[in-house]
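Below: the structure, in structure tokens.
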Amino acid sequence: SKTRELTAIDRVHDGLLKHLPVQGPATIVHGDYRLDNCMINSEGDIIAVLDWELCTLGDPLADLGLLMVYWSGPTDEPSGTTFGTTTAEGFLNRGQLAERYAQISGRDISHLDYYVAFAYWKLACIIEGVYARYISGAMGEQSDTTAFEPFKLQVEASAQKAELLLSRLQ
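For the sequence shown, this note's numbering assigns the number 12 to the initial residue and increments by one for each residue that follows.
In structure tokens, the structure reads:
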């Protein structure tokens, strides 16, 4: 679904292969784990996780990485892909959320930057595919394709964020 040359996506792909952490035991991975795919009761407990069409077996830190992309706590810098809900008072910041995950799961999160970079790369690839479908007319005839410019910008921004995270691993 490539519409243009995206060398940053290619560089991130290569960087992800170069820095692939040792994999732990495989678990069920949701594939699109974020707050808006969860049902939460009045006490704040997650009572259901929805939208399992992207699930697979793999490293559960992939789900945490994607959650970090979509999560901005009250004092975090916005990621550009977050929803306003988690910025409200009472929500954890990204670092606190990651630490809570490590504490409860017992998993080592020392390679979390890798998984967040992977999530940004994956998101960039998905958005580029959506953009390609729009401009090809697969989503209906569009007379003004400039309306889809934000897709292009989000692809580029996601690839840049992934590159920045990977640069920390070198």
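Where is the CB? At the ideal position from N, CA and C, for every residue including glycine.
| task | Look at the alpha carbon of Leu123 and the alpha carbon of Cys136, and state the distance between them as a whole number of angstroms. | result | Numbered from 1 along the sequence shown, position 112 holds the residue referred to as residue 123. Numbered from 1 along the sequence shown, position 125 holds the residue referred to as residue 136. Straight-line Cα distance between these residues: approximately 20 Å.
| said: Any heavy atom of the ligand ZN closer than 7 Å to the beta-carbon of Leu75? | reply: The ligand ZN is absent from the structure shown, which contains no ligand whatsoever.
| said: Taking the beta carbon of Pro71 as the centre, do at least 16 other beta carbons fall within 10 Å, making it buried, or is it exposed? | reply: Here the question's residue 71 lines up with position 60 in the sequence shown. Buried is the call here.
| field | Residue from Arg15, Thr14, Gly26 whose Cα sits closest to the Cα of Trp132 | value | Numbered from 1 along the sequence shown, position 121 holds the residue referred to as residue 132. Of Arg15, Thr14, Gly26, the residue nearest in Cα terms is Gly26.
| query | Per DSSP, Leu49 is paired with what? | reply | Mapped onto the sequence shown, residue 49 falls at position 38. Before going further, note that residue 49 is Cys rather than Leu in the sequence given. Cys49 pairs with Val60.
| Cut-off 8 Å between Cβ atoms - residues of its own chain near Ile51, not counting five sequence neighbours on either side | What you label residue 51 is simply residue 40 of the sequence shown in a count that begins at 1. Here the set comprises Ile57, Ile58.
| message | With a threshold of 8 Å, are at least 3 pairs of Cβ atoms found where one atom belongs to the region 38-47 and the other to the region 74-84? | response | yes
| Given 8 Å as the limit, is there contact between the region 143-158 and the region 62-69, that is, 3 or more CB pairs closer than that? | no
| Can you give the Cα-Cα distance for Asp6 and Asn104, rounded to whole angstroms? | Within the shown structure, residues of the chain are numbered from 12 to 181, placing residue 6 beyond reach of any answer.
| message | With a threshold of 8 Å, are at least 3 pairs of Cβ atoms found where one atom belongs to the region 110-130 and the other to the region 23-37? | response | yes
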